[in-house]
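**Q** Numbering (our numbering), first residue to last: 100 to 319. Here a beta-carbon is modelled for each residue, glycine too, at the ideal position from N, C-alpha and C.
#1: Using the Cα positions of residue 216 and residue 240, report the straight-line distance between them to the nearest angstrom.
#2: Look at the alpha carbon of residue 276 and the alpha carbon of residue 134, and state the distance between them as a whole number of angstroms.
#3: Could you say which of 223, 174, 152 lies nearest to residue 291 if we only look at CA atoms?
#4: Please state if the CB of residue 205 and the CB of residue 248 are separated by a distance shorter than 7 Å.
#5: Under 8 Å Cβ to Cβ from residue 210, same chain only, skipping five residues before and after it: list those, please.
#6: Would you mind sorting residue 262 into buried or exposed? The rule is 16 or more other CB atoms within 10 Å of its CB.
#7: Mind checking residue 313: buried by the 16 CB within 10 Å criterion, or exposed?
#8: On the DSSP bridge assignment, give the partners of residue 51 in chain order.
#9: Please state the DSSP three-state secondary structure of residue 131.
#10: Exposed or buried, which one is residue 303 when buried takes at least 16 other CB atoms within 10 Å?
#11: According to the neighbour-count rule (16 or more other Cβ atoms, all chains shown, within 10 Å of its Cβ), is residue 199 buried or exposed?
#12: To the nearest angstrom, how far is the alpha carbon of residue 311 from that of residue 146?
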């Protein structure tokens with residue numbers, strides 16, 4: 100009588116163990132993949148949110164209605180000149196009329212900087228330097244450069260200075276100018292709620308389809 104060797108002790112000790120080992124490796128791999136997805140999801144939701152642009156102050160970089168990914172700011176965030184920032188101004192009484200209490204603007208100067216503007220050209224003296232230099236701003240949009248001036252601002256401790264890219268249609272940090280700022284003074288670095296990275300701006304239409312199908316998310 101023929102005996103099926105697959106059920107023999109020798110086969111099971113050699114090949115059955117191999118099947119069991121292969122299955123175990125698959126489940127370990129699957130567990131690692133699931134864990135990686137969960138960790139990435141936790142990182143993403145804790146570090147990124149969404150913001151919907153309202154108004155014309157960031158034309159022609161951003162337009163009203165565009166949906167963007169934003170990286171939340173915290174005590175360890177290092178801000179850079181030229182960052183597109185989301186500023187929470189809901190704590191200022193003068194800003195009570197601002198929808199949602201958020202502004203999206205361009206960070207121009209940080210603590211210790213000095214700056215002024217003549218005919219649409221901003222000159223800045225960076226912290227720990229002594230000479231004013233013209234600021235290169237490929238993002239700035241003017242309908243009319245003539246008369247777009249502002250006096251010297253000295254950015255104090257913990258303060259920031261920001262502008263809208265659409266310079267003739269923005270209320271921002273220019274509190275010395277008529278119809279400039281919402282408040283009489285400079286906003287604080289602590290008011291920065293998040294930063295919109297350049298890659299998020301460049302690929303906003305792709306991210307909008309992925310992350311903004313059903314809900315817009317703003318709160319951390």
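**A** Looking at the coordinates:
#1: On the chain shown, position 117 is the one that residue 216 refers to. On the chain shown, position 141 is the one that residue 240 refers to. Rounded to whole angstroms, residue 216 to residue 240 spans 14 Å at the Cα level.
#2: Translated into the one-based positions of the chain shown, residue 276 becomes position 177. Translated into the one-based positions of the chain shown, residue 134 becomes position 35. Distance between the alpha carbons of residue 276 and residue 134 is about 54 Å.
#3: Translated into the one-based positions of the chain shown, residue 291 becomes position 192. Checked all of 223, 174, 152; the closest Cα to residue 291 is 174.
#4: Taking the chain shown and counting its residues from 1, the one referred to as residue 248 is at position 149. Taking the chain shown and counting its residues from 1, the one referred to as residue 205 is at position 106. No, the Cβ-Cβ distance between residue 248 and residue 205 is not below 7 Å.
#5: As a first step, residue 210 must be located in the chain shown, where it is residue number 111. Taken in chain order, the residues that qualify are 226, 254, 255, 256, 257, 258, 259, 288.
#6: Against the chain shown, residue 262 aligns to sequence position 163. Answer is buried; the Cβ neighbour count reaches 16.
#7: By one-based count along the chain shown, residue 313 stands at place 214. Note on residue 313: pLDDT 42, under 50, position unreliable in the model; the coordinate value appears next. It is exposed - the Cβ of residue 313 has fewer than 16 other Cβ atoms within 10 Å.
#8: Residue 51 is absent from the structure shown; the chain starts at 100 and stops at 319.
#9: By 1-based counting over the chain shown, the position of residue 131 is 32. DSSP places residue 131 in helix when its eight states are reduced to three.
#10: Counting from 1 along the chain shown, the entry for residue 303 is found at position 204. So residue 303 counts as buried.
#11: As a working mapping, residue 199 is identified with position 100 in the chain shown. Looking at its Cβ environment, which holds fewer than 16 other Cβ atoms inside 10 Å, residue 199 is exposed.
#12: In the chain shown, counting from the first residue as 1, residue 311 sits at position 212. In the chain shown, counting from the first residue as 1, residue 146 sits at position 47. Those two C-alpha atoms are separated by around 16 Å.
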